[in-house]
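One structure below.
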Amino acid sequence: MSDGYSIWVLEYSHVLEYPESGIVYGQHNKGTRKMPYGYVFLKGNDRNIMVDVGFDNAAYGGELARQFGVIAWQSPSVVLEEIGVAPEDIDTVIVTHAHFDHFGNVSAFPNATFYLQERELTKWVWALTLPREQQYFSIGIDPDDVLRGVELAKNGRLKTVSGDVHDLLPGINVWAAHDTHTFGCMFVDVQAGDDEDTRFVLAGDNVYAYENLEGVEKDGVYRPVGLSINTANGVFTLAQMMDLVGGRVKQIIPVHENRLPDVFPSRETKHGLHVTEVHLREGDKSYVA
Ligand SMILES: [Zn+2]
1 MSDGYSIWVL EYSHVLEYPE SGIVYGQHNK GTRKMPYGYV FLKGNDRNIM VDVGFDNAAY
61 GGELARQFGV IAWQSPSVVL EEIGVAPEDI DTVIVTHAHF DHFGNVSAFP NATFYLQERE
121 LTKWVWALTL PREQQYFSIG IDPDDVLRGV ELAKNGRLKT VSGDVHDLLP GINVWAAHDT
181 HTFGCMFVDV QAGDDEDTRF VLAGDNVYAY ENLEGVEKDG VYRPVGLSIN TANGVFTLAQ
241 MMDLVGGRVK QIIPVHENRL PDVFPSRETK HGLHVTEVHL REGDKSYVA
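So the sequence shown is numbered by full-length UniProt numbering: it starts at 1 and just counts up by one.
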């Protein structure tokens, strides 16, 4: 049995002018928009859980951030302090995929056990061995993150999963979305409260913005994200997510969606980053009030 979860999305940096075509597949010459970079914190069932960990603004992580135009970065200790948590308090991390902005800061969470699709780790090792001409597959990957993943395994702190896992943790399922945004992506669904309105899908990067789910100008046609291994599988994954929440788009949570703070209670921190409170369990303290 699960006693539910409080859920916060924490912006830790952003890109001010991200191309629309990178967010919604096929939207060429449509300008740019702000794209936040974020991760999710879940509190419940005597656990402190992160979904993804962001990147470390140093070494190659910092170099990738500069390439993508990511600014206003703050460390997990600064970002988590906004909701009264320290990185050392995190016991569990679910990694949706191994791109640098999701898996690039495992070192900041010394006490956590990490969950990742087995295919995500092994396929990145494979992708790094491809000839230079085929390095498209490695966009967004810091090879040192792959090494740090192996290091976690060596230290008994990595648990790989293969495919869908029901009740990975109380009230939390993970769903494989292989060969979509990455080779071994997954997304997470959380029963945060008692009813169907409190089931949330943490989309990873198979949703960047509401247009992926609602279509362009809400035409109702699923549009995959702008960076994919396979766009067809991306469309089927969007359909699967919508099924899980009965078509209620706002129960699908994309961390890169800049309108998320308008949909849920939120506030802006002194660093110009947003804390968004997706769900609050009875008895838990609000950090946006
Ligand atoms: Zn991302």
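Built from N, CA and C at the ideal position, the CB exists for glycine as well.
What I want to know is whether the C-beta of residue i ends up closer than 7 Å to one or more non-hydrogen atoms of ligand 1.
i, result
"His279", "no"
"Asp197", "no"
"residue 292", "No statement about residue 292 is possible, as the shown extent of the chain runs from 1 to 289 and does not include it."
"Asp164", "no"
"Asp145", "no"
"His178", "no"
"Asp46", "no"
"Asp205", "yes"
"Asp101", "yes"
"His256", "yes"
Using the beta-carbon count (16 or more within 10 Å), is residue i buried or exposed?
i, result
"Asn155", "exposed"
"Glu17", "exposed"
"Trp126", "exposed"
"Lys43", "buried"
"Asp189", "buried"
"Leu64", "buried"
"Pro36", "buried"
"Arg66", "exposed"
"Gln135", "exposed"
"Pro110", "exposed"
"Arg132", "exposed"
"Lys285", "exposed"
"His28", "exposed"
"Arg259", "exposed"
"Asp142", "buried"
"Ser13", "buried"
"Asp219", "exposed"
"Ile253", "buried"
"Gly226", "buried"
"Ala289", "exposed"
"Asp243", "exposed"
"Ala192", "buried"
"Ser30", "Correcting the residue type first, residue 30 is Lys in the shown sequence and not Ser. With fewer than 16 other Cβ atoms within 10 Å, it is exposed."
"residue 367", "Residue coverage of the chain in this structure runs from 1 to 289, which leaves residue 367 outside it and unanswerable."
"Ala239", "exposed"
"His99", "buried"
"residue 316", "Because the chain in this structure spans residues 1 to 289, residue 316 falls outside the shown range and cannot be described."
"Lys123", "buried"
"Gly69", "exposed"
"Glu217", "exposed"
"Leu202", "buried"
"Leu169", "buried"
Which residue comes first and which comes last in the beta strand (DSSP E) that contains residue i?
i, result
"His274", "274 to 279"
"Gly38", "32 to 44"
"Leu130", "Segment: none, Leu130 is in no beta strand (DSSP E) and carries neither H nor E."
"residue 333", "The requested residue 333 does not occur in the structure, where the chain is confined to residues 1 to 289."
Along the chain, where does the alpha helix (DSSP H) containing residue i start, and where does it finish?
i, result
"Leu260", "260 to 263"
"Ser21", "20 to 23"
"Gln240", "231 to 244"
Throw me the rounded Cβ distance for the residue i and residue j pair, which I believe falls under 8 Å.
i, j, result
"Val221", "Gly215", "4 Å"
"Val249", "Tyr210", "6 Å"
"Thr160", "Leu121", "6 Å"
"Asp145", "Phe200", "Actually they do not touch by this definition, with Cβ atoms about 26 Å apart."
"Val85", "Ala112", "Going by Cβ atoms, the distance from Val85 to Ala112 rounds to 12 Å, so no, they are not a contact pair."
"Gly149", "Leu116", "7 Å"
"Ser6", "His279", "6 Å"
"Val9", "Val263", "The pair is not a contact, with the Cβ atoms about 10 Å apart (cut-off 8 Å)."
"Pro261", "His274", "4 Å"
"Phe114", "Leu158", "5 Å"
"residue 321", "Gly246", "This structure gives no information on residue 321, because the portion of the chain shown stretches from 1 to 289."
Q: Enumerate, from N- to C-terminal direction, the unbroken alpha helix (DSSP H) stretches of 4 or more residues contained entirely within the stretch 136 to 219.
A: 143 to 154, 210 to 214
Q | Complete runs of the alpha helix (DSSP H) confined to the stretch 44 to 127 [at least 4 residues] | A | 59 to 68, 76 to 81, 100 to 103
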